[in-house]
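So the structure is just underneath, and the comments pick up after that.
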DNA sequence: CCTCTTTGTGCAACTAGTTGCACAAAGAGG
DNA sequence: CCTCTTTGTGCAACTAGTTGCACAAAGAGG
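Chains as they are written, first to last, in the numbering used here: chain A, 16 to 202; chain B, 16 to 202.
What follows is the structure, encoded as structure tokens:
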């Protein structure tokens, strides 16, 4: 439902080839809408046949057969339409929360290690977001585009802040419980 | 990947029929692993043929042909195994963030209303979580099961707190931007 | 009694997302 | 030159999740 619009957004920001898009998804757009390169190529094909994007003209095939795409007016309209349309937030699906709930009935053996690992992952992600913030959003810029993008980055930062805080709390709770590691069984 | 384990967790907590599970997913487990009744029935079938759960014996068919299931030892083992196994957090996919990023290039017309609507939804969810907290986790309880479940609820509360805070911030930012509602176009 | 609604279970078809390759061209290292 | 790796594009098969029904039994309302 949203991948085509994620790609349209990326291409409006800057026309790109499939691989460039893949890279940009890994670094930026993908922070809140992840996609694999296979998904991206498939979707580029669809968007092209639907007439929302086209191959950038005036391009030598360069290395490989690298094709670059740009967004057509119809694509921009579709993106604007989609952006303005109301949408319900998608229901949460989080494995770690589910696992803790499961641990309440089958024991907490093993989860502590993975909580620590997740804490580390989220700390790295948070650090990365902060670097991006310092680099791309120095104080004093206030174009509309910058402010909106900063707002989105802010969400990422706040989310990771929530996770690191909560994971630390979870680890502290777990430490107080009897027999983690020994394979605590309740009932 | 995780639906069967969500169901196993729910069934270990309390044996149930398909409909009861559906209700419990709407109220509790589903807060962090949502599922439709069709998914649930399908999965119950699979879990039964795999020998992880079985129909509760000694049950009159009551009304309809209501079948209740309970977890077998093999199911409990599988759940414990899954809980202890390391798993990567699944990449984020959030439509609202994507839409704001899109709004940065195609204009913010229309998003304000939906931001307000989302704020309202998240505020309700937060209120609901807080009620559950007051009702189910009065101060002073500290069985391991309760503490773990409380921890999970805490994550829900903190997440909704993040969303309400961020959405308010987003609305404030948007109000400062030129020409929302008039269909702001950049470039 | 007879309809109408609610409760409960489920199939079928579809869409979205993932996994596992395949393969061609170009450059790197000997 | 010849292999080996990297870059770039993509197909095919699968798994997970969603949507749209269908239908039967029980209870509610006249």
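Idealized CB from N, CA, C, for every residue including glycine.
> Going by Cα to Cα distance, which pick from B:165, B:26 and B:190 is closest to residue 184 of chain A?
Replying inline: B:165
>> I want to know whether the segment 127-142 of chain B touches the segment 150-166 of chain B - three or more CB-CB distances under 8 Å.
In response: no
>> Just to confirm the assignment, what range does the beta strand (DSSP E) spanning residue 69 of chain B have?
In response: 68-70
> How should residue 96 of chain A be labelled, buried or exposed, when 16 other C-beta atoms within 10 angstroms of its C-beta is the threshold for buried?
Replying inline: exposed
>> Measuring only the C-alpha atoms, how far is residue 13 of chain B from residue 188 of chain A?
In response: Shown here, chain B extends from 16 to 202; a query on residue 13 of chain B therefore has no answer.
> Given a threshold of 16 other Cβ atoms within 10 Å of its Cβ, counted over all protein chains shown, does residue 71 of chain B qualify as buried or as exposed?
Replying inline: exposed
> residue 154 of chain A to residue 22 of chain A, Cα distance in whole Å?
Replying inline: 29 Å
> In chain B, what lies closer than 7 Å to residue 188 of chain A by C-beta?
Replying inline: 162 and 166
> Any Cβ of chain B within less than 9 Å of the Cβ of residue 152 of chain A?
Replying inline: no
> At least one CB of chain B closer than 9 Å to the CB of residue 87 of chain A: is that the case?
Replying inline: no
> So, is residue 111 of chain B buried or exposed, given that buried needs 16 or more other C-beta atoms within 10 angstroms?
Replying inline: Around the C-beta of residue 111 of chain B, 16 or more other C-beta atoms lie within 10 Å, and the residue is accordingly described as buried.
>> So residue 106 of chain A contacts chain B; which residues on that side make the cut at Cβ distance below 8 Å?
In response: 45 and 49
> What span of residues does the alpha helix (DSSP H) with residue 46 of chain B cover, start to end?
Replying inline: No alpha helix (DSSP H) holds residue 46 of chain B; DSSP gives it neither H nor E.
> In the structure shown, what three-state DSSP assignment does residue 85 of chain B receive?
Replying inline: strand
>> So, for residue 85 of chain B: in the same chain, excluding its five sequence neighbours on each side, which residues have a beta-carbon less than 6 Å away from its beta-carbon?
In response: 30 and 71
> What's the gap between the Cα of residue 123 of chain B and the Cα of residue 145 of chain A?
Replying inline: Taken atom to atom, the span from the alpha-carbon of residue 123 of chain B to that of residue 145 of chain A is near 25 Å.
> Do we get a CB-CB distance below 9 Å when we pair residue 114 of chain A with the residues of chain B?
Replying inline: yes
>> My assumption, with CB atoms under 8 Å, is that residue 37 of chain B sits in contact with residue 126 of chain A. Please give the rounded CB distance.
In response: Wrong, their Cβ atoms sit about 27 Å apart, outside the cutoff.
>> Using a Cβ-Cβ cutoff of less than 6 Å, which residues in the same chain neighbour residue 39 of chain B once the five nearest sequence positions on both sides are dropped?
In response: 25
> Which residues mark the beginning and the end of the alpha helix (DSSP H) in which residue 171 of chain B is found?
Replying inline: 159-191
>> For residue 183 of chain B, would you say it is in contact with chain A, using Cβ-to-Cβ distances shorter than 9 Å as the test?
In response: no
>> Just checking: is the beta-carbon of residue 35 of chain A within a distance shorter than 9 Å of some beta-carbon in chain B?
In response: no
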